Structures are given as structure tokens and as C-alpha cells.
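Chains Z and V supply the protein sequences, listed in that same order. Residue numbering for the first sequence follows the UniProt record's numbering, starting at 1 and increasing by one per position. Residue numbering for the second sequence follows the UniProt record's numbering, starting at 1 and increasing by one per position. Built from N, CA and C at the ideal position, the CB exists for glycine as well. None of these values were measured; they are calculated from a predicted model. Worksheet: one structure, shown below.
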Amino acid sequence: MAVGKASQLGIDKADVRRARTLARQVGKPIVDLAQRHTTVSVERATLRLAGLGGADPDGTPWVNRLADVVRADVGLEHGVTLPVWDALVRGEGDDLLALAQKAAAGSVTFRVPEGRDATRARAASRKAVAAGIKRIDRQRVARERMIAKVGDAPSKPWIYLIVATGDIHEDIPQAQAAAREGADVIAVIRSTGQSLLDFVPEGATREGFAGTYATQENFRLMRAALDETSRELGRYVRLTNYASGLCMPEIATLAGLERLDMMLNDSMYGILFRDINPIRTFVDQRFSRQIHARAGIIINTGEDNYLTTADAVEAAHTVTTSQLLNEYFAKEAGLEDWQLGLGHAFEIDPEVPDSFRLELAHAMLARELFPDAPLKWMPPTRHMTGDIFKGYLLDGFFNLVGAMTGQGILLVGMMTEAVVTPWISDRDLALQNVRYVMNAAGNLHEDFHPSPDGFIARRAREVLGEAVDLLQEIKDDTDAAGDPPLLAAIADGTFGLMKRPADKGKGLDGVARKAGDYYNPATEILEGS
Amino acid sequence: MTLIRPYGDTTGDGMVQLSFTLPIEHSKVAEGAAVQLANKMGMDPALVVHAKPMGEGFTFFVVYGRVNHLVDPSTVEVVERDYPLLTPKEANAAIKRSLRRRLTVVGACIGTDAHTVGIDAILNIKGFAGEKGLEYYRELKVVNLGAQVSVPQLVEAAREERADAVLVSQVVTQRDAHLLNTREMSAAFREAYPAATRPLLVVGGPRFDETMAEELGVDRVFSRGTTPGEVASFIVHRLTQEKAS
Numbered sequence: 001m002a003v004g005k006a007s008q009l010g011i012d013k014a015d016v017r018r019a020r021t022l023a024r025q026v027g028k029p030i031v032d033l034a035q036r037h038t039t040v041s042v043e044r045a046t047l048r049l050a051g052l053g054g055a056d057p058d059g060t061p062w063v064n065r066l067a068d069v070v071r072a073d074v075g076l077e078h079g080v081t082l083p084v085w086d087a088l089v090r091g092e093g094d095d096l097l098a099l100a101q102k103a104a105a106g107s108v109t110f111r112v113p114e115g116r117d118a119t120r121a122r123a124a125s126r127k128a129v130a131a132g133i134k135r136i137d138r139q140r141v142a143r144e145r146m147i148a149k150v151g152d153a154p155s156k157p158w159i160y161l162i163v164a165t166g167d168i169h170e171d172i173p174q175a176q177a178a179a180r181e182g183a184d185v186i187a188v189i190r191s192t193g194q195s196l197l198d199f200v201p202e203g204a205t206r207e208g209f210a211g212t213y214a215t216q217e218n219f220r221l222m223r224a225a226l227d228e229t230s231r232e233l234g235r236y237v238r239l240t241n242y243a244s245g246l247c248m249p250e251i252a253t254l255a256g257l258e259r260l261d262m263m264l265n266d267s268m269y270g271i272l273f274r275d276i277n278p279i280r281t282f283v284d285q286r287f288s289r290q291i292h293a294r295a296g297i298i299i300n301t302g303e304d305n306y307l308t309t310a311d312a313v314e315a316a317h318t319v320t321t322s323q324l325l326n327e328y329f330a331k332e333a334g335l336e337d338w339q340l341g342l343g344h345a346f347e348i349d350p351e352v353p354d355s356f357r358l359e360l361a362h363a364m365l366a367r368e369l370f371p372d373a374p375l376k377w378m379p380p381t382r383h384m385t386g387d388i389f390k391g392y393l394l395d396g397f398f399n400l401v402g403a404m405t406g407q408g409i410l411l412v413g414m415m416t417e418a419v420v421t422p423w424i425s426d427r428d429l430a431l432q433n434v435r436y437v438m439n440a441a442g443n444l445h446e447d448f449h450p451s452p453d454g455f456i457a458r459r460a461r462e463v464l465g466e467a468v469d470l471l472q473e474i475k476d477d478t479d480a481a482g483d484p485p486l487l488a489a490i491a492d493g494t495f496g497l498m499k500r501p502a503d504k505g506k507g508l509d510g511v512a513r514k515a516g517d518y519y520n521p522a523t524e525i526l527e528g529s
Numbered sequence: 001m002t003l004i005r006p007y008g009d010t011t012g013d014g015m016v017q018l019s020f021t022l023p024i025e026h027s028k029v030a031e032g033a034a035v036q037l038a039n040k041m042g043m044d045p046a047l048v049v050h051a052k053p054m055g056e057g058f059t060f061f062v063v064y065g066r067v068n069h070l071v072d073p074s075t076v077e078v079v080e081r082d083y084p085l086l087t088p089k090e091a092n093a094a095i096k097r098s099l100r101r102r103l104t105v106v107g108a109c110i111g112t113d114a115h116t117v118g119i120d121a122i123l124n125i126k127g128f129a130g131e132k133g134l135e136y137y138r139e140l141k142v143v144n145l146g147a148q149v150s151v152p153q154l155v156e157a158a159r160e161e162r163a164d165a166v167l168v169s170q171v172v173t174q175r176d177a178h179l180l181n182t183r184e185m186s187a188a189f190r191e192a193y194p195a196a197t198r199p200l201l202v203v204g205g206p207r208f209d210e211t212m213a214e215e216l217g218v219d220r221v222f223s224r225g226t227t228p229g230e231v232a233s234f235i236v237h238r239l240t241q242e243k244a245s
């Protein structure tokens, strides 16, 4: 909470401090754990930073081919950097691509270099990876320059619209049209299931399920198209994609290289909703967030998911808890407040009495707890029944909460949610709804002060209290293996009904405990050492 | 059976509303084109009550009008519920009486579908539409495998748990993924089990057509708005009846 600013909700600053302290106590052992491990995707992201791209004729990326061979020869625990650059220094390949091709053909044997060989490999790798990070730095500068030149989104909240055709060449005109209609942020929904692929597909793609594959080329094409539209409209149109999943570090890297502006990146989403191994997720999210921090990318966290699988009133405090954990992990990874698009959603059953007041209480709580974060406000989905008329009204109330609580990013709700992928008219009507509400009530927060003992303030304090209790419960959790409390809590189903043990889940075989001589120049540079 | 027509505010007025977009700039011609479309759809007279440009080269219309069509409910084909609705208590009693053990239900979202909303609404104790989910039924053992379960994993889990019924939810329908996945699933179960011991296969999701059960190779298809009680009643009815016959 901002220092010196009185709480509108009568929240005691000591409670907020306590919540943050607990989040840190719960999060710190996880960070330690993440620092002790590496994953195949962290290693592949490092190779991507050093400039290795492309795929073999079967579509398997060269980073996967190379990392797999290195791993088979010397294991993952030393990282791929030393063995790879040792081979390059030894003249096994002119460059990374040639080396990857040779490795795939089985004509290179990797070793873990020692002594002067290791020193040489370290120096060479650091130079190569630094070049990639420099490219990310240049993209960040390019974004800042472009915003200075063409102008930024005219007002908050930024209007966030989705395209999802599955074909990048269909997505582009749709995205440009959406931007012309008023979108400040375009999100390209990923193909269903990409989060469970242990590689990043390559090239421009024209086939996807309920979305378009996140690939470097698709990123590049869409960003170039939106640059053109930004110049035409005189305002910078931001581009969003999804990092979460088995390839978080790599997708984050590609996003930085291709100047995406926001990325969906939640610290626990992969564990809870995709059954990805918890350790894999925490290691991957930390590296990916370090990249996002460097790239000036705003992350969007996934708290809305808690409310689509559990009751939005009963589970309100799980959103707050997750926001506090996401904030801790994000800041630890170097992200700043302005980069924290912490998520929350309008998902209370409209039949519940006072549902609007409850929504307002929850949204105001998030606003007070994170005053400098551009919160991401997600529209109703669960209670959109196909009655488009009722849905349109519900979206109007959702927009009203957004206007009253100064949301940073507003995902535009569609009255045809759960009916069809949005039609051109659905999008236009949805934007009219947003504009009407913002125009009519955008400054209502100046006049609206909930009574300190009223329903809204009491409810907000209640939810914060429950979140503190939950954090305390997590902190005190234990398991037989002596895992960090958060892992124990995730394993015994503290978050929803989903039990996710630390030794289960997808992608576990891609995790290794670092050996003493582990080296990764990307981590070294990103952590500023 | 009486013939009926749409009702606006007077019996027999045949009034309907319609909205659509035409790929044409807004103009008098565009409005005329909207009327022409409505006429061709059987609305006569048709009144364009709203026309608004949308994006470049598109116009959105709301049209009210009268249709002359008659509908005959007696010729409509639907899948009527062919099992009695049971309360959880009655369902538990029926299972106890006829199976003398708990009935095991394995549920999952298969393929790449990550939307567990449907399966959770039916299985989680929380339930849906005021009805408790299957986990609430004392005589049902529920194993919810969650999302993105592969068909071989599902078959394996069904064997391991000795499932009496397998529930599959499919929300994503792009490129008919829900139909393809369901066919793959039912084929796998047919291959893995002799016909006599195969678990009851039930599939559900908002975009399924309830008449397609046979075509998809499953025992029942549930569509939008299905409640946990309906699913439980169906399963109990089929499995306890089977035992009795």
C-alpha cells in the first residue's frame, strides 16, 4: 500500500505488512530451490539467446536436438553451456548451428571441460549470450522510442482484445482491425495444448486448435503488422502472448527478442491447471521472469483461473494469496511494480445477493494492496450462459467495476462468451459497452468512497484476513520429504481440489539439480553478477 | 398437436428479431440489402430498426419482422430422458441394492482440451445449478483425472480403478476436436475391453448433439445445461438395470 495514503477500506497497514512478510517467507525457500536446479527449457533458452534458432527437417528445434545430445553425453547438471562452448572452442563446429547439426548426426562427443578449457568455454559462451541479451535491450529501447514517437495508449485501462484464428495470416488482419476499433493490447491466444509441448514450434503457422502457436516467426510477423498499425493510428498497440507451460524460459526469450509487450506468466498456473511438475515450473518461471524484467515486458498473472474452477466468493482469498505470491516471485526476479499485471476476475454468480458489491470489494482490495501495479481485470465467463442479452448487462457491470477501481488492463468481455468465437459485431458491441461505461462513469472513483463500516469495506478486510490465514497455513505446511512448505501445500491440495506432489507432473524428467561446476552466462548477466 | 408460430405480443403475430452483419458500407442500399435478406429468410414485412457501421466495409443490423412459417411440435425429434431422475439418496440406495459395492466413475477432459469447467461441474462436490456433484454421492467413487488426459491414460486409469462408468468432457470444438476425440476414446475402449465388461461411456459438453451417441460409439451424450443429478441418474439407471436383467 502506498505510504501515507489512508485506506478506503479501513485496512490496517500492519495486516498488509504481515501478508507480504508471509508471502516472502513462503516464497523464499522456493527461490532457493529454483536456484539449485536447472531445466531443459532454461538451457535451451540460453542457446536461443546465443543465437541458435531454426529446426531440423522434422520440425524439431535445433536447440532441442543439441541440448538432448549434450544431456545424453554429460548430463544436464552442469548446464549445456560449458560442454557446448568447449566443443566450439575445440573446433567441432564453426557456429552453434553447425555444431547442433553435427551433434544430431552423432559426430560430436561432448565433455565437461575443466581448468583452462572451462575458462575459455565460459568466456566464449558469455560473449555469445550477451549478444542475445543486447538484442533484447535494443528491443526495449525500440519500444520506448516508438511510444515516444507515435504516442501511447490514450487512457487507462488499456483495452485488451483477443484474436484466435489458428492461422497467423488470418490473425494479422483481425488484430489490425481490432486495433483500429480501439484495442490498446492485442493478445494472440495460443493453440490449446501448446503449454504441454516440450519444444517451441518453428516458423509461421497456419493450423492451431482454438488459437495460434506461439513461434518466433509468428511473434515477428504480428509485431511488424502492429507497428504498422501503431503508426497509422498514432498510438502504440501492444502485443501479448503466453509464456506459461513447459517452455516458459524459451518463449519469454523469444518474446524479448521480438519485442512483445506483455506476457501471460503465472508462478503456479502450470502446476495447478496443467499438472506440470512444481519444481520445473518454479525454476522455469524464475528464469522467464528475469528475461521479462530485462525486456521491459509486463507480465499478466492467471488468478482468474482460480475463480473459473472454484466458487468466486469462497475462493476470493485464494486470488489475493496468489497475487501476493506472484508479486513476491516477480519482484525477486527483478520485475518492477509497473510490470505486474496481477490478475483477478468478475466471476461471482449473478444470482448471489449483493454480487456486484462483492465484486467491487474484491477489486478494491486488489487495487489497495497493489496501488502501483497495472491490475488485469478479467470478464465473466462462468456465468455467461448463452443468454447474450443478460451477458451484455453482466459485461456492463464488469466494466463498471473496472472503471471504479482504476484497472490497468481490461480484457473486453464478449456477450457471446461460451457461444462462438467473437464475431465482428460482438467485438464492436463489446467495445461500445466499454466506451459507454468509461465515458459515463470513468471518474466515479473520485466520488465513490465506501463507508468504512459498510458491506464493501468489511468484505475486503474479511478477504484479506482469509488470505493471511491461508498464507500462514501454507507456511506451516509440511510433508514427509521435508519439501519447502509451498510445495507441501500444493501437494496436499491447498489450492482448490488439485493435489500436485513435487515428484509428479509433466516435465519432471527435464529438471536437474545443479552440479558444483554448473554455469549459465544468461543467469549471470541477468542477475548482474 | 396444434401448430404454432412465434409470439411477439399477440397470439399468432409471428414476430421475430434477428441481428447480423453484412460486408457492405452503411447506406440506404445496405439497409435495403438487409431487408432483402430478411425477406428471403421468410420475414415479411421486415423492419430494420438499427443499422450501424462496424469497421471498414461492414454494417450491423437489427431487424424485426413477421414470419409466416408454422411449426409442428409433434414432428420434432429429440432425445427424451429415458431414465428416472433420482435424488442422491435414491441413487445411493439403488447402487447398494443392486451392486452391493460402490460404483466407480472415472472422469477426464481428453485430448488437448484444458477446460475442466464441465467435468468439474458434474464431478466436484460443489456441483452445478444447485445440485451437488457426483463426489457428494456416498455410493459413488469418483476419480477426476482433470485436463489434457490422453486416451491411453484414460483407458489405463479406467482399468486400474475398475471403472463402471467413464465420463468425458469436451469443451473445445474447433475443427470438431470434440467429435474426433470422442471417437478415438470410444474406439480405444472397444479395443481394450470385451463388450460385456466395457465401462459405460458418457460424453458431455456444451456443443454436443445428444442424438449422436451411436455415431460416436458412446452410451450417452449430454449437452449444454446437464446437471450432476441427470448424469448420476443415468449412470445408476443403466448400471443397476443391467445388473437386474
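### Reduced DSSP category for V/His-115 - H, G, I as helix; E, B as strand; rest coil
coil
### Task
Tell me, please, whether the stretch 145 to 160 of chain Z touches the stretch 224 to 237 of chain Z by the rule of three or more beta-carbon pairs shorter than 8 Å.
yes
### Message
Let me make sure I understand the geometry here. Which of V/Pro-53, V/Ala-46, V/Glu-80 and V/Thr-104 has the alpha-carbon closest to that of V/Ala-165?
### Response
V/Thr-104
### Query
How many whole angstroms separate the CB atoms of residue 532 of chain Z and Z/Ala-153, which I take to be in contact at a CB cut-off of 8 Å?
Since the displayed chain Z opens at 1 and closes at 529, residue 532 of chain Z lies outside it and no answer follows.
### Message
At the level of alpha carbons, what is the spacing between Z/Lys-506 and V/Ile-122?
### Response
26 Å
### Message
Can you check whether the C-beta of Z/Thr-494 is within less than 8 Å of a C-beta belonging to chain V?
### Response
no
### Query
By the criterion of Cβ-Cβ separation under 7 Å, what are the contact partners of V/Met-54 in chain Z?
Ile-424, Ser-425 and Asp-428
### Query
Any idea what DSSP makes of Z/Asp-476, helix, strand or coil?
coil
### Query
Can you list, in chain order, the residues of its chain whose CB lies under 7 Å from that of Z/Gly-296, leaving out five sequence neighbours each side?
Arg-140 and Arg-143
### Coil, strand or helix - Z/Thr-523 by DSSP
helix
### Task
Assign V/Tyr-49 to one of three DSSP states: helix, strand, or coil.
In the sequence as presented, Tyr is not what sits at residue 49 of chain V; that position holds Val. Note: V/Val-49 maps to strand in three-state DSSP.
### Residues that V/Val-71 bridges to, as DSSP identifies them
V/Ile-4
#### Entry: Rounded C-alpha distance that separates Z/Leu-307 from Z/Glu-347
6 Å
### Query
Thinking just about the alpha-carbon of each residue, which of V/Glu-31, V/Leu-22, V/Met-15 and V/Gly-107 is nearest to the one in V/Gly-42?
V/Met-15
### Task
Kindly indicate the opening and closing residues of the alpha helix (DSSP H) around Z/Lys-331.
316 to 332
### Message
Given this structure, state the Cα-to-Cα distance separating V/Thr-2 from V/Val-71, to the nearest angstrom.
### Response
9 Å
### Query
Looking at the C-beta of V/Gln-174, does it have a partner C-beta in chain Z at a distance below 8 Å?
yes
### Query
My guess is that V/Val-171 and V/Val-117 are in contact by the Cβ rule of under 8 Å, so how many angstroms apart are they, rounded?
7 Å
### Query
Hey, is V/Pro-206's beta-carbon within less than 8 Å of any beta-carbon in chain Z?
yes
### Task
Mark V/Asp-13 as exposed unless 16 or more other C-beta atoms lie within 10 angstroms of its C-beta, in which case mark it buried.
exposed
### Same chain, Cβ closer than 6 Å to Z/Thr-318, neighbours up to 5 away in sequence not counted
Tyr-306
### Task
Pull out every residue of the stretch 247 to 270 of chain Z whose Cβ sits closer than 9 Å to any Cβ of chain V, in chain order.
none
### Query
Which partner residues of V/Arg-66 appear in the DSSP bridge assignment?
V/Met-15
### Message
On the criterion of 16 or more Cβ atoms from any shown chain inside 10 Å, does Z/Pro-173 qualify as buried, or is it exposed?
### Response
exposed
### Message
Rounding to the nearest angstrom, what Cα-Cα distance links Z/Phe-282 and Z/Pro-29 in this structure?
### Response
11 Å
### Query
For Z/Tyr-242, which beta-bridge partners are listed by DSSP?
Z/Leu-264
### Task
Return helix, strand or coil for Z/His-344, following the three-state DSSP convention.
strand
### Task
Excluding the 5 residues preceding and the 5 following V/Ala-177 in the sequence, name in chain order all residues of the same chain whose CB lies nearer than 8 Å to its CB.
Gly-111, Thr-112, Asp-113 and Gln-170
### DSSP three-state assignment for Z/Ala-164, whether helix, strand or coil
coil
### Task
Give the secondary structure of V/His-178 by DSSP, where H, G and I count as helix, E and B as strand, and everything else as coil.
helix
### Task
State yes or no: is the beta carbon of Z/Gly-193 nearer than 8 Å to at least one beta carbon in chain V?
yes
### Closest Cα partner of Z/Lys-514 within the set Z/Gly-79, Z/Ala-104 and Z/Val-16
Z/Gly-79
### chain Z contacts from the stretch 21 to 36 of chain V (Cβ-Cβ distance under 8 Å)
Thr-21
### Cutoff 8 Å: residue 248 of chain V Cβ touching any chain Z Cβ
Absent from the structure is residue 248 of chain V, since the part of chain V shown begins at 1 and ends at 245.
### Message
Closer than 9 Å between beta carbons: that is the criterion. Which residues of the stretch 195 to 228 of chain Z meet it against chain V?
### Response
Ser-195, Leu-196, Glu-207, Gly-208, Phe-209, Ala-210 and Gly-211
### Task
Confirm the yes/no value for this check: CB of V/Asp-219, any heavy atom of the ligand COA, distance under 7 Å.
The ligand COA is absent from the structure shown, which contains no ligand whatsoever.
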